[in-house]
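J.: First the structure, then my questions, so here it is.
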Amino acid sequence: MTWAGSSLQQRRAVRRAKLLDVGRELLGTRGSAAVTVRSVCRQAGLTDRYFYENFADRDELVLAVYESVAAEARSALQSAVAGAPTEDPRTVARAAVDSFLDVLTGDPRAGRILLLEPLTDAALSERGAELMPAFAELVRAQLDERAPELDAAMTATALIGALTNLFIRWLDGSLPADRGRITDYCVELLLAAASLTDRAG
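Quick note: the sequence shown uses the working numbering, first residue 969, plus one each step.
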């Protein structure tokens, strides 16, 4: 069935996209507490019937917003690393750091959603913990393939923890460094970790 030239599925997709956009705006600017079914519906100009047509509850919407931002970050990292010359570890490390910072700063909402909101929202905290191994594996892939698997996995996991906390403190203003200094520091940290893993191998 079509109405005004669009099918039921198309209209539903449009409504879902609008709800996600509003969810991203509220979560990324006002925080987790601001995201309620009522506030999202009011800002989207939709009734709660259309909300529940797409999401079981408020948490499902918040998780969908978070996962979309996480997917953007993963894609950016993968593309940056794939496009960098693998024979030059420093270039690869800088490409990875730059791409991630682009995600965090290109849309300030993304940084808050990805790193800050999981600190206070239980649903996001749990999902963030589940996604961390995927990011660790991206780091792991850049370490010396000759290194013992366990050593490389520990190094990658430690790096993700360190970088996550570094970016959190940078975004919340606790670390008043400019982007260039943050980038340089992260590159050196990645290279030092890779060197540590090489020695362990």
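Here a beta-carbon is modelled for each residue, glycine too, at the ideal position from N, C-alpha and C. None of these values were measured; they are calculated from a predicted model.
How would you call TYR1020, buried or exposed, if buried means at least 16 neighbouring beta carbons within 10 angstroms?
T.: Its Cβ having fewer than 16 others within 10 Å, TYR1020 is exposed.
J.: If contacts are defined as beta-carbon pairs under 8 Å, then THR1125 and ALA1109 qualify, I think. What distance do you get, rounded to the angstrom?
T.: About 14 Å; that fails the 8 Å criterion.
J.: On a Cα-Cα basis, can you pick out the residue from ALA1001, ASN1133, ALA1161, VAL1155 that is closest to ALA1091?
T.: Here the closest residue by C-alpha is ALA1001.
J.: Straight-line CA distance for ILE1128 to ARG1042?
T.: Taking the straight line joining both Cα atoms gives about 13 Å.
J.: Cα separation between ILE1136 and LEU1072?
T.: Those two C-alpha atoms are separated by around 10 Å.
J.: In whole angstroms, what separates the C-alpha of GLN978 from that of LYS986?
T.: Rounded to whole angstroms, GLN978 to LYS986 spans 12 Å at the Cα level.
J.: Quick one: Cα of ALA1130 to Cα of LEU976, how far?
T.: So the two alpha carbons sit approximately 47 Å from each other.
J.: Helix, strand or coil for GLY991? Go by DSSP, reduced to three states.
T.: In the structure shown, GLY991 sits in a helix (DSSP, three-state: H, G or I).
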